[in-house]
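Asker: The structure follows.
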Amino acid sequence: MILRWIDRLTYYALAVLCAAVLAACGGGGSGSSGCTTIDPTRDSSLPGCSTTNPTTPTTKPTLVMTLTNASGAAVTTIAPGATATLSAVLKDANNAAVPNIVVTFTSTDRNAVFSSAIGTAVTDGTGKATVQIGPGATSTAGGYVVSANATVASTALSASANYAIGASTGAAASQLTFVSALPQNIALKGTGGAGRQESSTVTFKVLDANGNPVVGQQVNFALNTTVGGLTLTAASATSGTGGLATTTVNSGTVNTPVRVTATLAGSSTSTLSDQLVVSTGVPEQNSFSLSAAIKNVEGGQFNGCAAPTGTVITARLADHFHNPAPDGTAVSFTAEGGSIDASCLTGLTQTTLTDGSVVTQKGTPGECTVRFCAGNPRPADGRVTILAYALGEESFVDTNGNNRYDAGEPFTDLGDPFRNDRAISDANANGIDDANASGNAVRASGEQYIDSNGNSSWDQTGNGTYNGVLQATPSVGTVHVRGALVMVLSNSTPAVSLLSSATGTGTLALSHCTNGITFVNDTRSFSFAIRDNNPTVFATNRMSLHSGDPLWLADRPGNPLPAGTTIQFSSSNGAILGGTTVTVQNTNAADSSAWVYSIPMISDASQDAALNCTNTITSGALTVTITTPNGSVSRVNFPVTD
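Take the sequence shown: its letters are residues -23 to -1, 1 to 619, numbered as in mature numbering (1 follows the signal peptide of the UniProt record, and there is no 0).
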């Protein structure tokens, strides 16, 4: 009895213990998501007692594409005239073949030819679709991508592979084309250096009758001139990958254009390269030019960059032999007033698109342009000096004609360039004294200068040594070639003055008809000074310099009106002889002769045989109407009597 009670007690104890363990582990169907490890000494790095639910793997349809030859071997290259087999195998999510599905094949070679005209095929019972692919007649050697696309159970599938079209081997070469000459401008022998090569690589391409590249073909090369010691590194070459054959032109000691003739060995097929130029490739001082499309812009009272308010400034650079400076030669600019683009590159044009991106294109060799924009600051005299400069070399006189500078030959010893803000004319801006200004070769305090030699001061004269590449030891890089000009910011408001009249009273007095007296109708010419209203009187326009001239009754202040301004004369009395409209010329001249206009007139009175006069109007006005390019209109009247 006692033993039975002990067994029963043991049974209950074990049941309680098991229940506790199940509760700690989330068992017993309670739905708990975790459990507790009872053993406190259990290694924490061991897996816990949590459980994971198994997931069912997902699958989707597949598309596998292969590119093989006629023997079924995988290929990555298709020769011109050959074909390869494209196969696409479709399987569903259960890995079973999918028949009757359209597969579309495409290639990045737009000239590729498929056995199906539209590049499609339908899968058969094994889920396979097959087409043939080959290069077209105008396909070129290179790498391409072929793709296969299909849709299975609403799932879009695709696969792609890379392949190449090889060059023709064994095909008959029948064409030869020029590919490139890099660079096209090479330095004279012995004058090369940083950025100036003394050789150019010239490349040609050998093609068969279908325009496919041909490898293994010998090409012979020849120069059309060997003046100055021009040479070729290789007189012949064998066409390689892509049918390309190259040679190298090495410069000589004489500047000259040169071309390379390439000929297919054993045939008369030949072609010429583009022209190469052998020269210094360094701009020189005597070949630096600067010009403005409009010299007198309507910028005194208007702001802007586009004509007629602003204009385009063009720099033109050439080397000692007057060949254009190489493309990419940098030219820098600075202006006394308004604003100007900081720099440009010769031979290139840059266009800023609406999204702000800049597109660079081939331009005119040896030249480049920048914008000049009217705006503040505006000099009081309305004249803005612009300085342009570039790294280059000094000019010299090649007395013995050996294309080299030799000791004792005359040369231009350049000092540091500076912007002459006192300049009235282009000549002044370039250091020349004239009636308008003097001392133009000397910088005034505050005028901007370019420190060519880096000594932190302005040097009026050079270092006494020829700086350039055309000498035994080339030296270039510390000399700035330069050019300057003067822009006029013309006001839109005119100033009109009568410089002559028969009476001296400001009235235009024409011939007067009197009854009984024979009427002589003389032609009378009247001169007008028509310019803008700038108050500056330039030296050549001072009355003191023109004593004894009846047309000089006072100083003549002002600048020319904007280029393109029209001046129209009309009269309500008398008649104007000749043209009645003049257009202001494109000029930055300071002398008043640029804006003085003469108008011939006669009376409109008449007289009969009995000496009786007829003159319907005896008093009227000459009207001067001035219209600027920006549309400003002004009118001035002068009395006319007869």
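Cβ atoms here follow ideal geometry from the backbone N, Cα and C, with glycine treated the same way.
The structure presented is a predicted model; accordingly, all values stated were derived computationally and were not measured.
With DSSP as the reference, identify every bridge partner of Ser547, one or two as the case may be.
Answerer: Answer by DSSP bridge pairing, in chain order: Thr600.
Asker: Less than 8 Å between the C-beta atoms of Glu424 and Phe395, yes or no?
Answerer: Yes; because the gap between Cβ atoms is below 8 Å, this pair is in contact.
Asker: According to the neighbour-count rule (16 or more other Cβ atoms, all chains shown, within 10 Å of its Cβ), is Asn88 buried or exposed?
Answerer: By the 10 Å Cβ count, Asn88 comes out exposed.
Asker: Compare the beta carbon distance of Ser583 and Gln278 with 8 Å and say whether it is the shorter of the two.
Answerer: No, Cβ-Cβ distance for Ser583 and Gln278 is not below 8 Å.
Asker: Just mark Thr306 as buried or exposed, buried being the case when its beta carbon has 16 or more other beta carbons within 10 Å.
Answerer: The residue in question, Thr306, is buried, as its Cβ has 16 or more Cβ neighbours within 10 Å.
Asker: If I measure Cβ to Cβ from Gly281 and keep anything under 7 Å in the same chain, skipping five residues before and after, which residues do I get?
Answerer: Cβ neighbours of Gly281 beyond the five flanking positions: Gly287, Cys350 and Ala351.
Asker: Please tell me whether Val183 and Ser216 are closer than 8 Å, where the distance is taken between their beta carbons.
Answerer: Their beta carbons are under 8 Å apart, which means Val183 touches Ser216 by this criterion.
Asker: So, at 6 Å on beta carbons, what are the nonlocal neighbours of Asn614 in its own chain, with the 5 sequence-adjacent residues on each side left out?
Answerer: Once the five neighbours on either side are set aside, the close Cβ partners of Asn614 are Ala598 and Thr600.
Asker: Rounded to whole angstroms, what is the Cα-Cα separation between Ala133 and Ala61?
Answerer: If you take the alpha carbons of Ala133 and Ala61, they lie about 25 Å apart.
Asker: For the putative contact between Arg459 and Ala365, defined by C-beta atoms under 8 Å, what is the C-beta separation to the nearest angstrom?
Answerer: Confirmed, about 7 Å.
Asker: What residues match up with Leu153 in a beta bridge as DSSP calls it?
Answerer: Looking at the DSSP assignment, Leu153 forms a beta bridge with Val183.
Asker: Exposed or buried, what is Met520 when buried is set at 16 or more other beta-carbons lying within 10 Å of its beta-carbon?
Answerer: Met520 should be labelled exposed.
Asker: My output table needs one value for Asn518: the three-state DSSP class, helix, strand or coil.
Answerer: Of the three classes helix, strand and coil, the one that applies to Asn518 here is helix, per DSSP.
Asker: Thinking Arg355 and Leu466 are a contact (beta carbons under 8 Å), I'd like their distance in whole angstroms, please.
Answerer: Between Leu466 and Arg355 the Cβ distance is about 6 Å, and since that is below 8 Å, they are a contact.
Asker: List the endpoints of the continuous beta strand (DSSP E) containing Ala141.
Answerer: From DSSP, the beta strand (DSSP E) with Ala141 extends over Thr132 to Ile142.
Asker: Who pairs with Arg348 in a beta bridge, going by DSSP?
Answerer: Arg348 pairs with Val289.
Asker: Note down, in chain order, each residue of its chain lying with its Cβ closer than 6 Å to the Cβ of Val610, except the 5 sequence neighbours on either side.
Answerer: These residues qualify, in order along the chain: Thr604.
Asker: For Gly416, which of Ser434, Met464, Asn397 and Gly206 has the nearest alpha-carbon?
Answerer: Taking only the C-alpha atoms, the option nearest Gly416 is Asn397.
Asker: Output the residue ranges of the beta strand (DSSP E) runs that lie fully inside the stretch 34 to 103 and measure 3 residues or longer, sorted by chain position.
Answerer: Segments of the beta strand (DSSP E) lying fully in the stretch 34 to 103: 39 to 45, 61 to 68, 79 to 84 and 97 to 99.
Asker: For Thr117, which option in Gly340, Ile142, Thr128 and Gly541 has the closest C-alpha, if you only look at C-alpha atoms?
Answerer: Closest by alpha carbon: Ile142.
Asker: Under 6 Å Cβ to Cβ from Gly102, same chain only, skipping five residues before and after it: list those, please.
Answerer: Once the five neighbours on either side are set aside, the close Cβ partners of Gly102 are Pro76.
Asker: Would you kindly report the start and end of the unbroken alpha helix (DSSP H) that includes Asp390?
Answerer: Run containing Asp390: none; DSSP gives neither H nor E here.
Asker: Could you spell out the range, first to last residue, of the beta strand (DSSP E) harbouring Ala222?
Answerer: Ala222 -> beta strand (DSSP E) spans Leu221 to Asn227.
Asker: Terminal residues of the continuous alpha helix (DSSP H) containing Asn405?
Answerer: Per DSSP, Asn405 belongs to the alpha helix (DSSP H) from Asp403 to Ala406.
Asker: In whole angstroms, give me the CA-to-CA distance for Pro537 and Asn413.
Answerer: Approximately 16 Å, taken between the alpha carbons.
Asker: Spatial neighbours of Ser547 within its chain, please: CB distance less than 8 Å, with the 5 preceding and 5 following residues excluded, ordered by chain position.
Answerer: Ile553, Thr557, Leu599, Thr600 and Thr602.
Asker: Assuming Val123 contacts Ser137 under a Cβ cut-off of 8 Å, what Cβ separation, rounded to an integer in Å, is found between them?
Answerer: That belief holds up - the Cβ atoms of Val123 and Ser137 are roughly 7 Å apart, short of 8 Å.
Asker: Classify Ser228 as buried or exposed, calling it buried when 16 or more other Cβ atoms lie within 10 Å of its own Cβ.
Answerer: The residue is buried, with at least 16 neighbouring Cβ atoms inside 10 Å.
Asker: With DSSP collapsed to three states, give me the class of Ser264.
Answerer: Of the three classes helix, strand and coil, the one that applies to Ser264 here is helix, per DSSP.
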